[in-house]
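Shown next, in structure tokens, is the structure this report addresses.
In this note's numbering, the protein residues as written are 47 to 213.
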């Protein structure tokens, strides 16, 4: 993890429903891209942290959203840094080919939110943010690139930062 330069960092969760098991030859091109894309993320300007499974190089073995759903959870210094990595790097090739390996989602599959610098979100926290976005739409608590909120807007709505009470 890099040293914090900002009071808050941007967390992101992306979930993807596999069309085939990870060991299926039809998914091999995606699996082959994992290490180089993750290495590019790790070295990208503004990268802070990404979730990896204990003893693994990535998080593909973690299945908190279902057996056929993989997750990507990371933290970035700024929204611009994440955007640049996602859409202006080798990661874009994975995005262009995603329909080969992943089912089309009918509901939100990616969520962004601000966290205090130094905080590493848990998978549970990330799944709660995604559920909030799906249930309530974009807000300073859970948003997307298309409906983003600044760090200042999120700080101005601190009551939205706390997780909703569970019943």
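For each residue, glycine too, the CB sits at the ideal point set by N, CA and C. Nothing here was measured: the structure is a model prediction, and the numbers come from that model.
Rounded to whole angstroms, what's the CA-CA distance from residue 78 to residue 194? Just pull it up for me.
If you take the alpha carbons of residue 78 and residue 194, they lie about 32 Å apart.
Assigned exposure category for residue 176 - 16 Cβ within 10 Å defines buried
Buried, because 16 or more other Cβ atoms sit within 10 Å of the Cβ of residue 176.
Cβ separation of residue 80 and residue 121, assumed to be a contact under 8 Å, to the nearest whole Å:
Rounded, the Cβ-Cβ distance is 19 Å, inconsistent with contact.
Is it buried or exposed, residue 62, if we count other Cβ atoms within 10 angstroms and call 16 or more buried?
Buried is the call here.
What are the start and end residues of the beta strand (DSSP E) that includes residue 137?
From DSSP, residue 137 is part of no beta strand (DSSP E) but of the alpha helix (DSSP H) over 137 to 147.
Residue 92 burial status per 10 Å Cβ neighbour count (16 or more: buried)
Sixteen is the threshold: when 16 or more other Cβ atoms of the shown chains lie within 10 Å of the Cβ of residue 92, as they do, the residue is buried.
For the alpha helix (DSSP H) containing residue 162, name the first residue and the last one.
From DSSP, residue 162 is part of no alpha helix (DSSP H) but of the beta strand (DSSP E) over 156 to 162.
For residue 98, report the span of its alpha helix (DSSP H) as first-last.
From DSSP, residue 98 is part of no alpha helix (DSSP H); its letter is neither H nor E.
Shortest alpha-carbon distance to residue 102 belongs to which of 161, 84, 74?
Residue nearest to residue 102 within the set 161, 84, 74 is 84 (criterion: CA-CA distance).
Could you give the residue range of the alpha helix (DSSP H) that holds residue 54?
Where residue 54 is concerned, there is no enclosing alpha helix (DSSP H), although the beta strand (DSSP E) around it starts and stops at 54 to 63.
Could you say which of 172, 202, 159 lies nearest to residue 184 if we only look at CA atoms?
When C-alpha distances from residue 184 are compared across 172, 202, 159, the shortest belongs to 159.
So, under 8 Å CB-CB, residue 65 and residue 149 are touching, yes? Tell me the CB distance rounded to an integer number of Å.
Right, the Cβ-Cβ distance comes to about 6 Å (below 8 Å), so this counts as a contact.
What residue range is occupied by the uninterrupted beta strand (DSSP E) comprising residue 119?
Note, residue 119: beta strand (DSSP E), 115 to 122.
Under a three-way DSSP split, which group does residue 103 fall into?
Look at residue 103 here: in three-state DSSP terms it is coil, with no helix or strand label.
Less than 8 Å between the CB atoms is what I'm expecting for residue 129 and residue 189, so what's the real figure, rounded?
Going by Cβ atoms, the distance from residue 129 to residue 189 rounds to 13 Å, so no, they are not a contact pair.
Taking only three categories from DSSP, how would you classify residue 49?
Confidence at residue 49 is low in this model, with a pLDDT of 48, below 50, so its placement is unreliable and no value can be given for it.
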